[in-house]
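K.L.:
Here is the structure:
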């Protein structure tokens with residue numbers, strides 16, 4: 001035992017012999033508003049959601065099975081036709097596209113889970129407990145980003161089996177994986193804002209329509225020049241097309257700077273527009289659940 005430990009032990013024995021108070025000093029409790037508390041509670045909420053998702057077969061199918069089956073379907077049905085028409089392998093467009101579609105569809109499942117937590121009173125329960133007010137929302141976004149990353153890794157692994165490769169080094173590879181994660185976070189903010197003001201059926205319909213339109217009108221499904229001329233500018237500059245073009249350029253060949261800047265602008269724009277409604281809506285849902 002160190003000299004300091006011996007001194008403390010001797011002091012306790014002396015107090016016991018003289019009958020003095022043996023109460024040890026207690027560290028003051030940490031404020032639930034502290035930054036460290038927010039970080040710790042956010043990680044707890046994130047782990048709670050990831051555990052719940054891992055035990056839900058529907059979420060697993062939506063996150064892993066559905067994207068892979070969709071990718072293989074595009075490869076079997078349209079892969080060779082697109083390759084012959086464009087002169088470039090189709091999977092450099094479909095693999096990025098499927099990762100983004102999976103990010104959007106997974107955000108919808110997460111939003112439905114949010115609605116369930118509101119209806120069962122779990123949100124209000126957390127609100128009355130000594131939990132950091134922002135931890136619920138930030139923990140949900142953190143869990144969403146991890147889910148998107150896992151899905152992206154899984155889809156890309158299947159893509160590698162059908163010919164997808166990285167040709168531009170490790171930094172470009174990391175940047176390519178970061179795009180669907182950031183895209184998924186922005187879309188999750190948007191969906192959370194909508195989930196606080198809409199019913200579950202309406203939310204599913206709206207997000208389903210948006211996801212379908214974005215999936216079939218982008219540069220990953222077919223090249224931009226294959227669309228009618230009056231539609232090409234819209235297709236080229238919609239957020240999924242810019243993200244696909246950036247991911248294709250990072251993994252294989254093509255422009256990177258312009259589509260990447262457009263993608264970042266879309267991500268920042270969506271977060272700026274929908275962050276405050278999501279925060280206010282989450283607070284209102286927790287207080288009134």
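In full-length UniProt numbering, the protein residues as written are 1 to 289. Quick reminder that beta carbons are idealized off the backbone N, C-alpha and C, glycines included. In this text, all values refer to a predicted model and were calculated from it rather than measured experimentally.
Quick check on this structure: which residue in 278, 237 and 247 has the alpha carbon closest to the alpha carbon of residue 262?
P.N.:
When each option's Cα is compared against that of residue 262, the closest is 237.
K.L.:
Buried or exposed: residue 169, going by 16 or more other Cβ atoms within 10 Å of its Cβ?
P.N.:
Exposed is the call here.
K.L.:
Measure from the alpha carbon of residue 223 to the alpha carbon of each residue in 265, 108, 91 and 53, then state which is nearest.
P.N.:
Looking at the Cα atoms, 91 is the closest of the given residues.
K.L.:
Can you check whether the CB of residue 151 is closer than 9 angstroms to the CB of residue 67?
P.N.:
Contact: yes.
K.L.:
Along the chain, which unbroken stretches of the alpha helix (DSSP H) at least 4 residues long are found entirely within the segment 175-242?
P.N.:
With a minimum length of 4 residues, the continuous alpha helix (DSSP H) runs that stay inside the segment 175-242 are 200-216 and 229-237.
K.L.:
Mind reading off the beta-carbon distance from residue 63 to residue 102? Whole number of angstroms is fine, and I expect it under 8 angstroms.
P.N.:
7 angstroms between Cβ atoms; contact.
K.L.:
Taking its Cβ as the centre, do 16 or more other Cβ atoms sit within 10 Å of residue 94, making it buried, or is it exposed?
P.N.:
Residue 94 is buried by the Cβ-count criterion.
K.L.:
Please work out which residues of its chain come closer than 7 angstroms, Cβ to Cβ, to residue 195, disregarding the five sequence neighbours upstream and downstream, and give them in chain order.
P.N.:
Answer for residue 195: 111, 114, 115 and 203, listed in chain order.
K.L.:
Applying the 10 Å Cβ sphere with the 16-neighbour rule, what's the burial state of residue 34?
P.N.:
By the neighbour-count rule (16 or more Cβ atoms within 10 Å), residue 34 is not buried but exposed.
K.L.:
Which residue marks the beginning of the alpha helix (DSSP H) containing residue 90, and which one marks its end?
P.N.:
That residue, residue 90, is in no alpha helix (DSSP H); it is neither H nor E in DSSP.
K.L.:
DSSP three-state call for residue 27: helix, strand or coil?
P.N.:
Interpretation of residue 27 is limited by its pLDDT of 48, a score under 50 that renders its predicted location unreliable; the figure taken from the coordinates is listed afterwards. Reduced to three states, the DSSP call for residue 27 is coil.
K.L.:
So that I know if they touch, is there some Cβ in chain B lying closer than 9 angstroms to that of residue 187?
P.N.:
In the structure shown, chain B cannot be found, because there is only a single protein chain.
K.L.:
Give me the residue from 231, 43, 248 and 79 with the minimum Cα distance to residue 136.
P.N.:
Measuring from the Cα of residue 136, the nearest candidate turns out to be 43.
K.L.:
What did DSSP end up calling residue 125 once you bin it into helix, strand or coil?
P.N.:
DSSP places residue 125 in helix when its eight states are reduced to three.
K.L.:
Once DSSP output is grouped into helix, strand and coil, what is the label at residue 160?
P.N.:
Three-state DSSP puts residue 160 in a helix.
K.L.:
Can you give the Cα-Cα distance for residue 22 and residue 46, rounded to whole angstroms?
P.N.:
No answer about residue 22 holds up, because its pLDDT of 47 lies below 50 and its placement is not dependable.
K.L.:
For residue 167, count the other beta carbons within 10 Å of its own beta carbon; 16 or more makes it buried, fewer makes it exposed. Which is it?
P.N.:
Under this definition residue 167 is an exposed residue.
K.L.:
Say whether the segment 115-130 touches the segment 204-220, bearing in mind that this needs 3 or more beta-carbon pairs closer than 8 angstroms, one atom from each stretch.
P.N.:
No, because fewer than three Cβ pairs between the segment 115-130 and the segment 204-220 fall closer than 8 angstroms, the two stretches do not touch.
K.L.:
Might you give, ordered along the chain, the residues of its own chain that have their beta carbon closer than 8 angstroms to the beta carbon of residue 171, omitting 5 neighbours on each side?
P.N.:
Once the five neighbours on either side are set aside, residue 171 has no close Cβ partner at all.
K.L.:
Between the beta-carbon of residue 160 and the beta-carbon of residue 278, is there less than 9 angstroms?
P.N.:
Going by C-beta atoms, residue 160 is not nearer than 9 angstroms to residue 278.
K.L.:
Under the three-state reduction of DSSP, which class applies to residue 22: helix, strand or coil?
P.N.:
Note that residue 22 scores a pLDDT of 47, beneath 50, so its modelled location is shaky and nothing firm can be said.
K.L.:
Who are the Cβ neighbours of residue 175 in its own chain at under 7 angstroms, not counting the five residues just before and after it?
P.N.:
250.
K.L.:
Start and end of the alpha helix (DSSP H) containing residue 270?
P.N.:
Residue 270 -> alpha helix (DSSP H) spans 257-288.
K.L.:
Do you know offhand how far residue 252's Cα is from residue 130's?
P.N.:
Residue 252 and residue 130: Cα-Cα distance of roughly 50 angstroms.
K.L.:
Looking at the secondary structure, which residues open and close the alpha helix (DSSP H) in which residue 62 lies?
P.N.:
No alpha helix (DSSP H) holds residue 62; DSSP gives it neither H nor E.
K.L.:
Quick one, are the C-beta atoms of residue 275 and residue 193 less than 9 angstroms apart?
P.N.:
Yes, the Cβ-Cβ distance between residue 275 and residue 193 is below 9 angstroms.
K.L.:
Along the chain, where does the alpha helix (DSSP H) that runs through residue 68 open and close?
P.N.:
Per DSSP, residue 68 belongs to the alpha helix (DSSP H) from 66-77.
K.L.:
Measure how close the beta-carbons of residue 177 and residue 149 come, nearest whole angstrom, since I'm counting them as under 8 angstroms.
P.N.:
So it is a contact: roughly 7 angstroms between Cβ atoms.
K.L.:
Just to confirm my understanding: we take residue 89, look at its own chain, exclude 5 residues before and 5 after, and list those with CB closer than 7 angstroms. What are they?
P.N.:
Answer for residue 89: 83 and 163, listed in chain order.
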